[in-house]
Every structure is written in structure tokens, then in C-alpha cells.
Amino acid sequence: MTPTDMSRPADISTRQPDSAPHRARDDADRRGFDWYVDKAVQLIVFVGGISAIIFIFGIFIFVTREGVGFLFEGFDLVEFFTSPRWMPTSSSNPTYGAAALILGTASVTGLAMIVAVPFSLGAAVYIGEFATGRSRETLKVLVELLAAIPSVVWGFIGLSIMNSLIVRIFDVPVGLNVLNAGIILGLMAAPIMTTIAEDALRAVPDTYREAAEAMGATRWQVVWRVVLPASKNGLMAAVLLGVGRGFGETMAVLMATGHSINIPDSIFDSVRALTATIAAELGETAVGSEHYRALFTLGIFLFIITFLINLTADLVVRGTGDR
Amino acid sequence: MNRIVGSLVVLSLAACGGEGGSRALIQNKGSDTLVNVAQGWAEEYAQVDPSIVVAVTGGGSGTGISALINGSVDIANSSREMKPGEISLARNNGVTPKQMVVGYDALAVFIHPDNPAESFTFAQLAAIYGEDGSVDSWSQLGISVPGCDSDEIVRVSRQNSSGTYVYFKEAILGERDFKLGSRDMAGSSEVVELVENTPCAIGYSGLAYATEHVKMPCLSTDDEGDCVAPSVAAAIDFSYPVARPLFMYTNGEPQGAVKKYLDWILGDEGQCLLQSKGYAPAREVACS
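Protein chains in written order, with the working numbering: chain A, 705 to 1027; chain B, 424 to 711.
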């Protein structure tokens, strides 16, 4: 250590107490340029802080305003939830049954979770509890990189590679189906779930682990009997956020499901997701028409579902905080 | 892909537009069926008259028409006619849509090259695609398709707001609806790609999107009628039964730069370019 390095901490500790109030008094007196900069930055930070609330409400109001006309006029609740017949452009008998779309989204998301949960929780346990040093840092970076792959790239993998693989392996006519989209979506959701799950594991105090080890528990016993039970709320939240991701994903699902209105009875059936329906149809729909408003009604439904899932995840995490 | 290319063209054109102050900018938006031709026209016209810059965007017929209604484009491309509701909406906004046919598009039926089928009648297509149609397997048509063990007809269609979907429905199914469970692709090239890779599949799209990896059977309106294979020539002489007009809409009579551009499109040069892209010209024209 050089002499300057030695002197720095002492320097700060002696200057700080009297200089800070001195500067504040000065600014209040003069209200110079710095004061305005200070206020402007405060304002920017404040607006940034509440922007999420503004956007959420803005989006909610917009989606509701566009879709609410349909909810009160042409909307048939029973038809919406029970009929698979999504035929908004029929000239003789337009119907707006979303049952097949809801089941399509649900089946793909369900399969995606079956794929993603073991992968992501396994990865989180390994990164959080077993890996050390450089391998741990490399893995974390790679997982984050995986999360950054654009969904259209995933969709393309589903459309080109997975499609022909599924056709060859399972001998089905088309490989664009629940299985394809479920695997793609599972791989997409896994990195985000891994990151959140790993945070949950890290939130478990080291004293727990030390206490368990002191009692002679093996590494595996520590993880299985102590860390996992202690972080189960956080892990649950990671899974729920993955489900939310699955419900909201559009592009990859549009490309990999086959986009076919179908109530699936096997994983080899093509289906169609709610999000993909909106994405595919909204662009060419006359603004303000019944079809347009029906698509926004799907949007309201999706918004409510993802909102509920995220809210549940949040409440579950709060549960950990209380303990 | 087309849209990406389209936006790049727009960006580069916008960049050029910024340099010369005297240039007139024409905004052109709409049908994905027409977007390739519209871009070809815009690029070609930049050489003919550098003082006029045309910015082309896709997005679909509905998108183009609503942009015309809002007054944000000079020319809207559409593969379907404007609906009465859209016209009255435009009138309320002070826009008088003026329709112009710029060409014709033959709608081809695509099957896998291994499929031995050579022809389809309208009735067969309606039985395959129509809501109460009875045909679900190739063997019902007396066809056995190599590589398609399940025998199931994989119906490939378009999303229900596309101009191609609407036209096919009107031409083949009339008042009836499509059978549920078709794979509804978001673009014509996706339809062709899926049919290329799926022996069991049947699909339809504009002739311009055909590749050498798909087979295009001939179509006849009934059992006695001639079976006509889709081609630009058959679309020009109207012998092909499913050819549809492609439109451009302007606000009122075209004037100034827009008029010059549209006149050029309907002229020999523009029409030959359209024909070279796989569409049928709006009038008879001799191209080299």
C-alpha cells in the first residue's frame, strides 16, 4: 500500500460529517444552477420510479377501451369459454369461441413447465449450491445469455429444426404441435426461472447451511432437507413467473404450434395460442370492427390471467419475507 | 422477412429523402401479397424519376386501408376490395377512396411434389376445406400419397383477416366457412414452406410465391370443365378460375407526383415488372 492509499479513508471520514450539511445550507441559500439540476434529476428519478405504474394503467385503460364495446354488445360469455369456433370473419355466422385458444395456450404452457421446471431448478441448485468460482460465474453468464435469445429465433428453431425432427422421430404428418411449442417454450422460460430460483436459494441465510453441516449433514442433505424447503416460496414464484412467461409468449408459439384451431387430445395435435391469434389477425383487421374489438377482449383476458399469475407469484414471495 | 426488407427500404429511402429538399415523398402501404411488387416498382421508379421517392411498407391490406382512412399514406395497396364500412369510415374522415386495379393474382393450390394428385375440382376443394365438407383423408379422393402414412389431409390455410383467405373462401366455399383445425399461416411463403416439407399437406396462396419444391395441380370449376393449371398466361386470359384483382387506393383522383407514379405503374414498364414477379398485368402488354 502506498501512503496515499492509506490516507484516503481517514481523509473521507474526517471531512464527511461537517462538509455535507455545509453544502446543503449553501444550496438552499443560493438556488443556483446546481439546485435546479438537483431538482430536475430528482424529478426524472421519481418519474422513472413510478413509470411502471403509469404504463401498466395506460395499457390497461387502452386495452379495455378498445375491447369493452364488444364486452357489452356482442359478447356471449358462455360461447367465449365453451365454443371452440373462433370464426370472426365468417360472412354467414360470425362466432367468437375462445375455448380452443385457451386450451391451446394452457396445453403448451403446461408442457413447457414440465420441460422447464426440472431444467431450471436443477440448474439453479447446481449454480447456487455446488458450482464455485469461475465455473459458477461462467454458468451464470451463459444462462443470462440464453435468456437474451430473441423469441423469433426460438420460433425459427421450432419451425425448421424441431419440426423435421418430430416428424422423423414420431412419424406424425406435421411437427408443428403442442410438443414442439412446449419444448421451445420450456427452453425459453428455463433461463429466467433459473435466475429467479437461484436468487431464492441465495436468499437462504448461510447460517442454515452451516448449522446443517455442523450436524453432520452431507452436501446433498443440506440442499434437499434445508435449503430447498427454506426457499420453497421463492422457487414457487420462479415457476409461476415461468407460467406467466408461457402465457404471454407470442412469436415462438405462433411459429411452432401450427396455429390451428383445435382442442388438443394428444401432444401431437396442432393448436393455436391466444397471443398468436391476436398477433396474426390484428394487423389486417379493420380498426373498430367487431373482430378488432373481439381481439382486444382476448387481450383483456390475457392481461387478467398474467396479472393474476404475477400477483400470486408476488404474494408467494412476500410469504418468504415474513418468515 | 418481406416486412424486414420493406422497412429497410423505407429507412434507406427516408435517409435519401432527407438529402434533397425538393424531392416528393410518396407513402405506400398495405397488402403483403403486393409488397414485393410495390418495392420493385419503388426501386425501379427511383431511376426513372429521381425527384420522387416512394416509401413502401407491408403489414396487410387492412393496415394499408386504415392508414389511408387516417390520411397517413398516399397510396394503399390491397388484395381485396374496400368494405362498405371502411368506405363510410373514410368519408367521415374526409377521405374519398379511389380504386384502381393494378394487376391480377392467380391463387394456386399447392401440394407436396410426391403427391400424385394432378387436378382438383372446386367441389373437391370445398369438401376438403369447407366446414361441413366430408373429405378428411387422401384415400377418400382415391389418392395414396407416398410418405403420408397417416392418410390425413393436412389443410394449410391463412389467418382469417388476410385478403388471400377471404378471396379463397369466396371463390371456393361461397357463403360457407372453413373447417376448423387447418394450420393457419401468417404469410404466403410460410404456406409454401410447410407444404414443401409435409407430404400430407395441401395449401393455397398467390402464384408468385410458388417454388420448384411444390406441385401446383390444375383446377376446374366442375367435373366437365377444363382443368387449367395456374400460370400468369392463364390469369391474363381469365381461363384460370381463381384469379383476383389487386388494388391500389388513393384519396380522390391522384394528382401530382402520385398521379405520375400510378401512370407509370399502369404503363408498359410497370406492368412488365409486375408480370416478371409472377402476377398477371391489369391489361394486355407486350414484355420482352
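Even for Gly, the Cβ is constructed at its ideal location relative to N, Cα and C. Fair warning: this is a prediction, and the values are worked out from it, not measured in the lab.
Residue i burial status per 10 Å Cβ neighbour count (16 or more: buried)
i: B:W687; result: buried
i: A:T793; result: buried
i: A:M975; result: The identity of residue 975 of chain A in the sequence shown is Val, whereas the question assumes Met. Buried, since its Cβ has 16 or more Cβ neighbours within 10 Å.
i: A:F761; result: exposed
i: A:I758; result: exposed
i: A:L781; result: exposed
i: A:L999; result: buried
i: A:S935; result: buried
i: A:G752; result: exposed
i: A:A885; result: buried
i: A:A756; result: exposed
i: B:A581; result: Residue 581 of chain B is actually Arg in this sequence, not Ala. Classification of B:R581: buried, given that the 10 Å Cβ count is 16 or more.
i: A:T706; result: Per-residue confidence for A:T706 stands at a pLDDT of 44, beneath the threshold of 50, marking its modelled position as unreliable; the derived number appears in the next sentence. Counting Cβ neighbours within 10 Å, A:T706 comes out exposed, since fewer than 16 surround it.
i: B:W561; result: buried
i: B:P507; result: exposed
i: B:G453; result: buried
i: A:M919; result: exposed
Amino acids of chain A, ordered along the chain, whose beta-carbon sits closer than 8 Å to that of residue i
i: B:S489; result: A990, V991
i: B:G508; result: A990, S993
i: B:V589; result: T793
For residue i, the first and last residue of its enclosing alpha helix (DSSP H)
i: A:T809; result: 803-829
i: A:I982; result: 978-986
i: B:R667; result: From DSSP, B:R667 is part of no alpha helix (DSSP H) but of the beta strand (DSSP E) over 666-674.
i: A:M940; result: 936-952
i: A:Q746; result: 737-776
Between the CA atoms of residue j and residue i - distance to the nearest angstrom
i: B:A529; j: B:R578; result: 19 Å
i: A:I1004; j: A:F764; result: 8 Å
i: A:R712; j: A:A851; result: Since pLDDT at A:R712 reaches only 46, below the 50 mark, its modelled position is unreliable, and the value read off the structure follows with that caveat. Distance between the alpha carbons of A:R712 and A:A851 is about 42 Å.
i: B:K700; j: B:A631; result: 6 Å
i: B:Y672; j: B:S584; result: 19 Å
i: B:G604; j: A:N966; result: 5 Å
i: B:T587; j: A:L1015; result: 42 Å
i: A:R838; j: A:V749; result: 36 Å
i: A:Q925; j: A:L825; result: 16 Å
i: B:P653; j: B:K592; result: 18 Å
i: B:S502; j: B:A705; result: 13 Å
i: B:V532; j: B:T621; result: 14 Å
i: A:G952; j: A:T1010; result: 7 Å
i: A:E994; j: A:G778; result: 8 Å
i: B:D574; j: B:P539; result: 13 Å
i: A:S796; j: B:M523; result: 29 Å
i: B:T644; j: B:P677; result: 38 Å
Element boundaries [beta strand (DSSP E), containing residue i]
i: B:S628; result: 624-629
i: B:Y527; result: 520-534
i: B:C641; result: 641-643
i: A:N881; result: Taken as a continuous stretch (DSSP letters only), A:N881 belongs to no beta strand (DSSP E), as it is neither H nor E.
i: B:D607; result: 606-608
i: B:I510; result: Taken as a continuous stretch (DSSP letters only), B:I510 belongs to no beta strand (DSSP E), being part of the alpha helix (DSSP H) at 507-515.
Partners in chain B for residue i, counting only beta-carbon separations shorter than 8 Å
i: A:L880; result: R606, L617
i: A:R789; result: L603
i: A:N867; result: N620
8 Å CB neighbourhood of residue i in its chain, flanking five on each side removed
i: B:N425; result: Reliability of the predicted coordinates at B:N425 is poor, the pLDDT of 48 falling under 50, and no value is obtained from them.
i: A:T961; result: G808, V812, L880, N881, V882, N884, A885, S974, V975, R976, A977, A980
i: A:R735; result: none
i: A:R923; result: E833, F834
Contact set for residue i: own chain, Cβ-Cβ below 7 Å, skip 5 residues either direction
i: A:V947; result: T813, M817, I1013
i: A:S811; result: V882, P968, V975
i: A:R906; result: G832
i: B:G693; result: W464, W687
i: A:N937; result: V1020, V1021, G1023, T1024
Partner residues on chain B for residue i, Cβ-Cβ distance less than 9 Å
i: A:G859; result: Under the 9 Å cutoff, chain B gives no residues; its nearest Cβ is about 11 Å from A:G859.
The ligand HEM heavy atom lying under 7 Å from the CB of residue i
i: B:A478; result: As far as ligands go, the structure on display features none, and thus does not contain the ligand HEM.
Under 9 Å by beta carbon: chain A residues contacting residue i
i: B:S584; result: P792, T793, A984, E985, L986, G987, E988, T989, A990, H995
i: B:S484; result: E988
Neighbour list for residue i in chain A, Cβ cutoff strictly below 7 Å
i: B:E575; result: P877
i: B:L621; result: The question names Leu, yet the displayed sequence has Thr at residue 621 of chain B. The answer, in chain order, is P877, V878.
i: B:A609; result: L958, A984
i: B:D572; result: D875
i: B:E598; result: S795, S796
Interface residues of chain B facing residue i [CB-CB closer than 7 Å]
i: A:G962; result: R606
i: A:I965; result: L603, G604
i: A:S974; result: R606
Proximal residues to residue i (C-beta, below 6 Å), its chain only, five neighbours per side dropped
i: A:D715; result: Its pLDDT being 47, under 50, A:D715 is placed unreliably by the model, and nothing is read from it.
i: B:E707; result: none
i: A:A1017; result: A941, L944, L945
i: B:A469; result: none
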